[in-house]
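In the numbering used here, the protein residues as written are 14 to 292. No residue lacks a Cβ here, since even glycine has one placed at the ideal position from N, Cα and C. Because the structure is a prediction, the values reported are computed rather than measured. For reference, the structure discussed in these notes is given below.
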């Protein structure tokens with residue numbers, strides 16, 4: 014993710030921004046464009062079941078609203094975004110609006126996407142879910158089509174032993190490795206333990222990133238939910254983040270600017286407590 018200061022943001026957008034009126038400006042929105050997925054991972058933030066899913070016109074309206082507000086980057090996620098038949102149409106719409114566009118996918122259907130779709134994404138991250146073969150095949154497809162790629166790795170007790178091998182895979186493809194502390198998973202490694210693993214990989218020369226929870230206790234403002242980041246679920250609800258599922262408002266009924274300005278104080282992360290208690 015690219016972070017811009019105020020001057021750089023205004024230069025990029027080509028217009029002045031009333032930062033004082035807007036408080037903290039929303040930079041990135043994660044869009045759960047699909048409620049469907051071929052997997053059922055126990056650590057996933059997305060609710061199970063047949064959740065509503067906005068049609069093409071609904072998502073295009075949401076993307077237009079976010080772009081009009083000045084959001085810099087959107088990421089297609091889910092569920093599994095590659096299951097949408099209108100993925101190309103939504104991606105084209107986002108790029109025509111000047112948005113930086115990324116995607117997070119489980120990788121299963123990624124090799125079926127052609128260059129006319131993949132070329133629209135600034136970066137595609139493939140999540141590791143215990144299947145190294147799927148991960149390798151998906152990354153290989155992205156590299157062959159000259160798409161910047163990354164690996165999302167949720168540090169669960171089960172997956173942590175294979176992290177060195179995943180690091181080697183990231184190095185082989187020049188991929189960024191995003192380490193995520195597992196949230197709400199019993200027996201999961203603590204954020205401090207995940208950060209220690211991230212440092213080891215960084216010292217090996219890999220490009221490593223971490224999530225806000227992994228930074229808990231190290232940075233004064235480690236969490237960007239309701240500050241620079243938000244999630245929009247498959248039904249159009251604006252959420253503080255993917256794991257804090259209390260809606261701030263719905264984009265079918267209110268414009269994003271109105272929802273964001275009335276969002277209130279940042280919600281404390283419910284998962285930091287475990288680190289503080291040593292649990």
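For residue 256, the CB contacts under 6 Å within the same chain, skipping 5 residues up- and downstream, are 58 and 196 in chain order. Using a Cβ distance threshold of 9 Å, residue 163 and residue 188 count as a contacting pair.
Nearest in C-alpha terms to residue 119, of all of 111, 95, 113 and 136, is 95. A residue is called buried once 16 or more other Cβ atoms fall within 10 Å of its Cβ, and residue 86 is buried on that count. Taking one beta carbon from each stretch, the segment 131 to 143 and the segment 160 to 177 have 3 or more pairs nearer than 8 Å; the two touch. Residue 224 is positioned such that its CB atom lies no closer than 9 Å to that of residue 252.
The beta-carbon distance between residue 207 and residue 194, rounded to whole angstroms, is 5 Å. This is short enough to meet the 8 Å contact definition.
Counting only residues of its own chain and dropping the five nearest sequence neighbours on each side, residue 269 has a CB closer than 6 Å to the CB of 78, 79 and 82. One thing to note: residue 46 has its Cβ no nearer than 9 Å to the Cβ of residue 23. Between residue 161 and residue 133, the alpha-carbon positions lie close to 11 Å from each other. Within 10 angstroms of the beta-carbon of residue 266 lie fewer than 16 other beta-carbons, which makes it exposed.
Check the Cα spacing between residue 72 and each of 135, 285 and 263: the tightest is with 263.
Distances from the CA of residue 247 to each of 60, 27 and 26 were compared; the closest alpha carbon is that of 60. It is roughly 37 Å from the alpha-carbon of residue 107 to the alpha-carbon of residue 213. Residue 121 is a Cβ neighbour of residue 151, given a cutoff of 9 Å.
Counted as a single uninterrupted DSSP element, the stretch harbouring residue 199 is not any beta strand (DSSP E), since DSSP gives it neither H nor E.
For residue 42, same chain residues with a beta-carbon under 8 Å away, outside a window of 5 residues either side, are 79, 84, 86, 87, 88, 242, 243, 244 and 245 in chain order. Taken in chain order, the whole beta strand (DSSP E) runs of length 3 or more contained in the segment 206 to 277 are 221 to 223, 242 to 245 and 250 to 252. In this structure, DSSP gives residue 91 a state outside helix and strand, which the three-state scheme calls coil. Closest by C-alpha distance to residue 282, out of 240, 250 and 218, is 240.
With a 10 Å radius around the Cβ and a threshold of 16 neighbouring Cβ atoms, residue 177 comes out exposed. Distances from the CA of residue 136 to each of 155, 129 and 147 were compared; the closest alpha carbon is that of 155.
Judged by DSSP secondary structure, residue 22 falls within the alpha helix (DSSP H) whose first and last residues are 19 to 26. DSSP places residue 163 within a strand segment (E or B) once states are collapsed to three.
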